[in-house]
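Peer 1: If you want this note's numbering, it's the position in the sequence shown, counting the first as 1, plus 1. Every residue gets a Cβ at the ideal spot worked out from N, C-alpha and C, and that includes glycine. Pasting in a structure now, in structure tokens, and then I'll have a few things to ask.
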Amino acid sequence: MNLARTWAISKKEFLHIVRDPRSLGLVLLMPAILMLLFGYAVTLDVKQVGMAILDQDRTQESLSFVHHFSASPYFRFQFLVQNEREMRSLIDRGEVKVGLVLPTDFAKTIHGGRKAVVQVLLDGTDSNTANIILSYVQAVARQYNQERTFLKIERMGGLKPILPIEARARVWYNEDLESKNYFIPGLVAVIMSIIGVLLTGQVVVREWESGTMELLISTPVQKGELILGKLLPYFLLGLFDL
């Protein structure tokens, strides 16, 4: 590969970009637009999950349990349904991702010292999201159980138990645990690949249409030099733009 010939082709492309406002606009604006779209529209965080509740007990105990979910930042209480068919319809239409079904004997079972079973209906279309939502539901249920246990001990005249271990987490490098802080830096390479291939392909098509590609092929320039020479200007300008 001859670097002089490669640079000559790159220089020609640089001059073409500078003299053509449309090409310059594509090179400068497209990476910025793609970064904005990916940055604000694409997220892997699971928050404000739409939830439907079927409370068949309608007691103070069941309302207290439901309140723990409405107070959580991970759930958005949307529907209070009357039957399971209505809840299934909401999940089928994608209006909610999770549904809770509280049995008719919810409070009676808890006050009797037994374990109440709450049915959790999940939209498993996205298995990763469904697993995350399930972990959120289990975390809220654990918090509710813990608060009830402490309250029961206090009412019996005992001291509030002290948990033997308390884990205090400190997150480095991504304190808010936002997925965009993780995957957006990696998108730079993806966007540069898209820009390089797309714009270079556009230039090659234009060369064929104008008939100048035959002239380039008739010169001593090799295929690798031609491709690299046309890729390099768009890659460098896109990288500078980012």
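Cutting at 7 Å between CB atoms, please list the residues of its own chain near Ser63, excluding the five before and the five after it.
Peer 2: Here the set comprises Asp56, Leu103, Phe107 and Ala108.
Peer 1: What first and last residue would you give for the beta strand (DSSP E) that runs through Arg77?
Peer 2: It spans Phe76 to Leu81 - the beta strand (DSSP E) in which Arg77 sits, taken as one unbroken run.
Peer 1: With distances taken from CA atoms, which of Arg77, Leu135, Gly51 and Val119 is nearest Arg94?
Peer 2: Ranking the options by Cα distance to Arg94, first place goes to Gly51.
Peer 1: Checking the sheet assignment: what are the DSSP bridge partners for Leu122?
Peer 2: Beta-bridge pairing links Leu122 to Gly100.
Peer 1: For the region 192-199 and the region 15-33, state whether three or more C-beta atom pairs, one from each stretch, are separated by less than 8 Å.
Peer 2: Contact between the region 192-199 and the region 15-33 is present, because at least three Cβ pairs lie under 8 Å.
Peer 1: At the level of alpha carbons, what is the spacing between Leu233 and Phe76?
Peer 2: Rounded to whole angstroms, Leu233 to Phe76 spans 48 Å at the Cα level.
Peer 1: Which residues does DSSP pair with Gly225 in a beta bridge?
Peer 2: In DSSP, Gly225 forms no bridge with anything.
Peer 1: Could you tell me the boundaries of the beta strand (DSSP E) in which Asp56 lies?
Peer 2: Taken as a continuous stretch (DSSP letters only), the beta strand (DSSP E) holding Asp56 covers Val50 to Asp56.
Peer 1: Compute the Euclidean distance between the alpha carbons of Tyr180 and Gly40, then round it to the nearest angstrom.
Peer 2: Before going further, note that residue 180 is Ser rather than Tyr in the sequence given. Cα to Cα, Ser180 sits roughly 10 Å from Gly40.
Peer 1: Report all residues from its chain with a CB closer than 7 Å to the CB of Met114; omit the five preceding and five following residues, and keep chain order.
Peer 2: A small fix is needed here, since residue 114 is Gly in this sequence, not Met. The answer is none, since no qualifying residue turns up.
Peer 1: Please list, in chain order, all residues of the same chain as Asp21 whose beta carbon is under 6 Å from its beta carbon, the five residues on each side excluded.
Peer 2: Nothing listed; no residue qualifies.
Peer 1: Within 10 angstroms of the Cβ of Phe66, are there 16 or more other Cβ atoms? Answer buried if so, exposed if not.
Peer 2: Label assigned to Phe66: buried.
Peer 1: Take the Cβ of Gly100 as the centre, count every other Cβ of all protein chains shown within 10 Å, and call the residue buried at 16 or more, exposed below.
Peer 2: So Gly100 counts as buried.
Peer 1: What's the C-alpha gap between Phe80 and Gln203?
Peer 2: Between Phe80 and Gln203, the C-alpha separation is close to 51 Å.
Peer 1: Do you know offhand how far Gln61's Cα is from Asn84's?
Peer 2: Those two C-alpha atoms are separated by around 20 Å.
Peer 1: What is the DSSP secondary structure of Ala190, reduced to helix, strand or coil?
Peer 2: Here Ala190 sits in helix by DSSP.
Peer 1: What three-state label does DSSP hand Lys116 in the structure shown?
Peer 2: Coil at Lys116, not helix or strand.
Peer 1: Select from Phe236, Leu122, Ser136 and Glu226 the residue whose C-alpha is nearest the C-alpha of Leu91.
Peer 2: Answer by Cα proximity: Leu122.
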